[in-house]
Structures are given as C-alpha cells and as structure tokens.
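Enquirer: Provided herewith is a single structure, encoded as structure tokens, for subsequent inquiry.
Residue numbers (this note's numbering): 239 to 347.
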C-alpha cells in the first residue's frame, strides 16, 4: 500500500521545524544573545565616554555621531513591489470587508 503524499509533506515540514528548533536552542544555550547585548552595552559605554570627553573639550556635539545604527536596509525593487502589492490587497480587503459588514448590518438590523 502506498503512503499518502500529504503525510510525506507533513513529516518534511515537521522535520524542518525540528531543525529550526534545535538551531535556536543551540544559539540560546551558547549565550549568543547575551554576548551580543553585552557588546552593545560596551559600545554604549564607550560612546558615552567619548561624548563626555568631547563636551569637556568644548567641541560641537551631535548625538547622531555617538549612536550606532544596526539596522540595514536590504530592500530592493522586488521587495518594494511586493510591499506595494500587499498594502494594496490589505486596503482592498479592509474596505471590502467593512462595506460587506455595513451591507449586512443594513439588511439585518
């Protein structure tokens, strides 16, 4: 008797979830997150010391010079196009559902 294709896909997806779980567990247990936050705190202390030193020296101070931005924009044309499509669909669905509910409300109440 043949196995069902649905069960084969289910177990593949389950195996992928298990691999992701194990990877996250290893990252957590190895202290990756704590180390990263500790490094961020050290950088913040160094930035505060540089700021205080510049204030004592009477230099022109701008807060943007001392803050580091870790966010990197990886967007490209495809992601921007996908975002426009998803925002459009969301807007249509929101207006369409609210119109549907208003119609139903007018019919039944």
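All C-beta atoms in this analysis are idealised placements derived from N, C-alpha and C, irrespective of residue type, glycine included. Here the structure is a predicted model, which means the values were calculated and not measured.
Quick one: Cα of residue 283 to Cα of residue 328, how far?
Expert: In the chain shown, the residue the question calls residue 283 occupies position 45. In the chain shown, the residue the question calls residue 328 occupies position 90. Straight-line measurement puts the Cα of residue 328 at about 43 Å from the Cα of residue 283.
Enquirer: Since residue 266 is in the alpha helix (DSSP H), which residue starts that stretch and which ends it?
Expert: As a first step, residue 266 must be located in the chain shown, where it is residue number 28. Note, residue 266: alpha helix (DSSP H), 243-267.
Enquirer: Quick one: using the 10 Å Cβ neighbour count with 16 as the cut-off for buried, is residue 274 buried or exposed?
Expert: If you number the chain shown from 1, residue 274 lands on position 36. Exposed, because fewer than 16 other Cβ atoms sit within 10 Å of the Cβ of residue 274.
Enquirer: Give the single residue among 255, 285 and 334 whose Cα lies nearest to the Cα of residue 301.
Expert: Position 63 of the chain shown, counted from the first residue, corresponds to residue 301. Ranking 255, 285 and 334 by Cα distance to residue 301 puts 285 first.
Enquirer: So for residue 312, helix, strand or coil by DSSP?
Expert: Within the chain shown, the letter at position 74 stands for residue 312. Coil at residue 312, not helix or strand.
Enquirer: DSSP three-state call for residue 297: helix, strand or coil?
Expert: Taking the chain shown and counting its residues from 1, the one referred to as residue 297 is at position 59. The three-state secondary structure of residue 297, taken from DSSP, is coil.
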